[in-house]
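Since the structure comes first, as structure tokens, the remarks are kept for the end.
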Amino acid sequence: MQLKVDKLTAYFDQFEHFSIAVSGGIDSMLLAYLANRFAKAKVKSVHAFSPAVPEAAYQRVKHYGQLYDWDLEVINAGEFDDYNYLNNPVNRCYYCKSNLYTRIAERSQGMVFSGTNIDDLDDYRPGLKAAEEQEVKHPYVAANINKSDIYNIAKFYGLSDLHALPAQPCLASRVETGIKIDADDLGFINQVEESTRQALPNVKNVRCRITQQGTYLEIDTMPESEVVERLSTNLAALCAKDGRIFSGIRTYQKGSAFINGVTHG
14 MQLKVDKLTA YFDQFEHFSI AVSGGIDSML LAYLANRFAK AKVKSVHAFS
64 PAVPEAAYQR VKHYGQLYDW DLEVINAGEF DDYNYLNNPV NRCYYCKSNL
114 YTRIAERSQG MVFSGTNIDD LDDYRPGLKA AEEQEVKHPY VAANINKSDI
164 YNIAKFYGLS DLHALPAQPC LASRVETGIK IDADDLGFIN QVEESTRQAL
214 PNVKNVRCRI TQQGTYLEID TMPESEVVER LSTNLAALCA KDGRIFSGIR
264 TYQKGSAFIN GVTHG
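Numbering (my numbering), first residue to last: 14 to 278.
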């Protein structure tokens, strides 16, 4: 792991200034941690907070910024003012990242870095096109670091909270393609997922999906039938209270909210 971090640090040291887009997930959080700890450059960390960002992610970024004395700025990336994003096409992430990188560049010196790793290059990620258009750099890719490496590096440096984090894409990834992005829907999604994690703390992947057929809960490990029944009853009541249709609990499937495309989520 030290050799990989050394290679990453050597990449950092090509620049005098750079900014990192920090979402609150392990990839960008670790990148910001390593850059602020080892880079010779002046590093700025930028977090875009919006209804699509879980409150826990914002609090994580804020905590690390205070704990490690980051130069941290929290911004509004403006994607909720972009009708292309709100219409939720299959390449919604392109419009999200276009807004994000534009706002960061306006507030930054030097290059903008993302937490993209080499595994991401094999996935359908429209945000990579936005990054290419705006000349955003991917240090993990330059250092040949994949997702497994990222978890191992976090463990190597004793960052147990990051090492324990499952993949956490934005809340908008839970909304089926073609259903307009709505802040109230995203708040409901976050509420369902947080309550599910409290009820099932050992379940790694939890997704609340908003679909044309109604609201589904997806989990990667099904508990005992009585637990599923109790959870279903609670979620059905929660949906009914919010004027929604609860369609059941099913096994987690990566990217199941996306139609005519495959991506993370």
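The C-beta atom is built at its ideal place from N, Cα and C for all residues, glycine as well.
Source: prediction; values computed, not measured.
- Contact between A52 and S41 fails: their C-beta atoms lie close to 15 angstroms from each other, not under 8 angstroms.
- Unbroken beta strand (DSSP E) stretches of 3 residues or longer found wholly inside the stretch 105–190: 124–126, given in chain order.
- Under the three-state reduction of DSSP, T246 is assigned to helix.
- Counting along the chain, I223 sits inside no alpha helix (DSSP H); it lies in the beta strand (DSSP E) bounded by residues V219 to T224.
- Three or more pairs of CB atoms, one per stretch, sit closer than 8 angstroms, so the stretch 120–127 contacts the stretch 147–161.
- Contact between E68 and N203 holds: their C-beta atoms lie close to 7 angstroms from each other, under 8 angstroms.
- Ranking Y46, I39 and G37 by CA distance to the CA of T22 puts Y46 first.
- D84 and P179 have their C-alpha atoms spaced approximately 26 angstroms apart.
- Taking the CA atoms as reference points, L230 sits about 15 angstroms from Q181.
- Leaving aside the five residues that flank C109 on each side, the residues in its chain whose CB is nearer than 6 angstroms to its CB run, in chain order, E92 and Y98.
- Contact between the stretch 261–269 and the stretch 216–230 is present, with at least three C-beta pairs closer than 8 angstroms.
- In this structure, the beta-carbon distance from G140 to S32 does not fall below 8 angstroms.
- By alpha-carbon distance to K20, the top candidate from A144, P102, Y153 and Y71 is Y153.
- Sequence-distant partners of A54 (beyond 5 residues in either direction) whose C-beta falls short of 8 angstroms from its own C-beta, in its chain, are F25, D26, F28, E29, H30, F31, A48 and G123.
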